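If you read the sequences in order, they're chains A and B. Basically the working numbering = 1-based index in the first sequence + 82. Basically the working numbering = 1-based index in the second sequence + 1. I have placed the structure first, in the form of structure tokens, so that the comments after it can refer back to it.
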Amino acid sequence: DQQVKQNSPSLSVQEGRISILNCDYTNSMFDYFLWYKKYPAEGPTFLISISSIKDKNEDGRFTVFLNKSAKHLSLHIVPSQPGDSAVYFCAAEGGANSKLTFGKGITLSVRP
Amino acid sequence: EAGVAQSPRYKIIEKRQSVAFWCNPISGHATLYWYQQILGQGPKLLIQFQNNGVVDDSQLPKDRFSAERLKGVDSTLKIQPAKLEDSAVYLCASSGRRYQETQYFGPGTRLLVL
Numbered sequence: 083d084q085q086v087k088q089n090s091p092s093l094s095v096q097e098g099r100i101s102i103l104n105c106d107y108t109n110s111m112f113d114y115f116l117w118y119k120k121y122p123a124e125g126p127t128f129l130i131s132i133s134s135i136k137d138k139n140e141d142g143r144f145t146v147f148l149n150k151s152a153k154h155l156s157l158h159i160v161p162s163q164p165g166d167s168a169v170y171f172c173a174a175e176g177g178a179n180s181k182l183t184f185g186k187g188i189t190l191s192v193r194p
Numbered sequence: 002e003a004g005v006a007q008s009p010r011y012k013i014i015e016k017r018q019s020v021a022f023w024c025n026p027i028s029g030h031a032t033l034y035w036y037q038q039i040l041g042q043g044p045k046l047l048i049q050f051q052n053n054g055v056v057d058d059s060q061l062p063k064d065r066f067s068a069e070r071l072k073g074v075d076s077t078l079k080i081q082p083a084k085l086e087d088s089a090v091y092l093c094a095s096s097g098r099r100y101q102e103t104q105y106f107g108p109g110t111r112l113l114v115l
């Protein structure tokens with residue numbers, strides 16, 4: 083039972099354009115959501131997070147949107163850069179001491 | 002600030018052998034996590050420590066996997082005996098003790114069981 087779903091395994095965008103990475107979840111107890119970026123042979127690196135009390139969080143080129151009624155969140159990268167090419171994991175948790183549940187990840191390729 | 006350290010980075014063993022991984026968390030981080038990441042999947046939590054106590058080990062295959070964090074700092078994860086399906090990247094992460102603290106990951110140990 084996958085509680086965090088990243089249904090698209092890959093995304094390719096042109097440098098300078100917007101990248102939109104989507105994530106859906108099924109567990110209504112989740113109240114904190116994170117995006118991690120992973121380069122080959124490295125561990126995941128924290129990118130941005132959002133609490134369920136917000137519907138948007140922005141950090142430079144990265145913005146995360148949360149739609150609680152649809153149980154959907156998305157990561158927008160504007161403008162996309164070749165260095166953004168990596169695997170992006172969506173993760174969620176809910177309740178004190180609850181474990182972080184990850185999606186399968188999406189591979190983003192930004193073409194120069 | 003130094004990040005999460007893990008060793009070894011790579012390990013190749015034959016099935017039924019044993020293997021151990023080591024993790025040193027970020028200084029001052031009370032919470033330490035071990036994850037297993039199988040190719041094409043997201044990381045899956047195996048065990049979570051708060052200082053030297055276990056908070057969650059519900060997904061740890063306890064017949065073959067064990068982990069300890071004796072002094073509340075570094076930790077070891079052991080597999081004995083290893084199976085082919087244990088081939089994966091084993092990630093260690095750490096965080097502070099407050100609610101919704103960000104977890105910071107180490108580079109991982111890539112294990113191949115032949």
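Built from N, CA and C at the ideal position, the CB exists for glycine as well. Small disclaimer: the values here were computed from a predicted structure and weren't measured.
Item to check | Assigned exposure category for residue 160(A) - 16 Cβ within 10 Å defines buried | outcome: Locating residue 160(A) in the first sequence gives position 78, where the first residue counts as 1. So residue 160(A) counts as exposed.
Checklist entry - For residue 123(A), does the count of other Cβ atoms within 10 angstroms reach 16, so buried, or fall short, so exposed? => result Taking the first sequence and counting its residues from 1, one reaches residue 123(A) at position 41. Flag for residue 123(A) reads exposed.
Checklist entry - Given residue 174(A), which residues of its chain have a CB within under 6 angstroms of its CB, disregarding the five upstream and five downstream residues? => result Indexing the first sequence from 1 puts residue 174(A) at position 92. Hits under 6 angstroms: 86, 107, 112, 115, 183.
Item to check | residue 87(B) - DSSP class collapsed to helix/strand/coil | outcome: In the second sequence, residue 87(B) corresponds to position 86, counting from 1. Correct three-state label for residue 87(B): helix.
Checklist entry - Applying the criterion that 16 or more other CB atoms from any shown protein chain within 10 Å of the CB defines a buried residue, is residue 48(B) buried or exposed? => result In the second sequence, residue 48(B) corresponds to position 47, counting from 1. The residue is buried, with at least 16 neighbouring Cβ atoms inside 10 Å.
Next on the checklist: Using the three-state DSSP reduction, which class does residue 166(A) fall into: helix, strand or coil?
Outcome noted: In the first sequence, counting from the first residue as 1, residue 166(A) sits at position 84. Helix, per DSSP.
Checklist entry - Grouping DSSP H, G and I as helix and E and B as strand, with all else coil, what is residue 108(A)? => result Mapped onto the first sequence, residue 108(A) falls at position 26. Here residue 108(A) sits in coil by DSSP.
Checklist entry - For residue 75(B), does the three-state DSSP call read helix, strand or coil? => result Residue numbering aside, residue 75(B) sits at position 74 when the second sequence is read from its first letter. In this structure, residue 75(B) counts as coil in the three-state DSSP scheme.
Next on the checklist: Between 130(A), 151(A), 169(A), 139(A), which has its C-alpha nearest residue 103(B)'s C-alpha?
Outcome noted: What you label residue 103(B) is simply residue 102 of the second sequence in a count that begins at 1. The shortest Cα separation from residue 103(B) among 130(A), 151(A), 169(A), 139(A) belongs to 130(A).
Checklist entry - residue 113(B) by DSSP, collapsed to three states: which one? => result Taking the second sequence and counting its residues from 1, one reaches residue 113(B) at position 112. The answer is strand: DSSP assigns residue 113(B) an E or B state.
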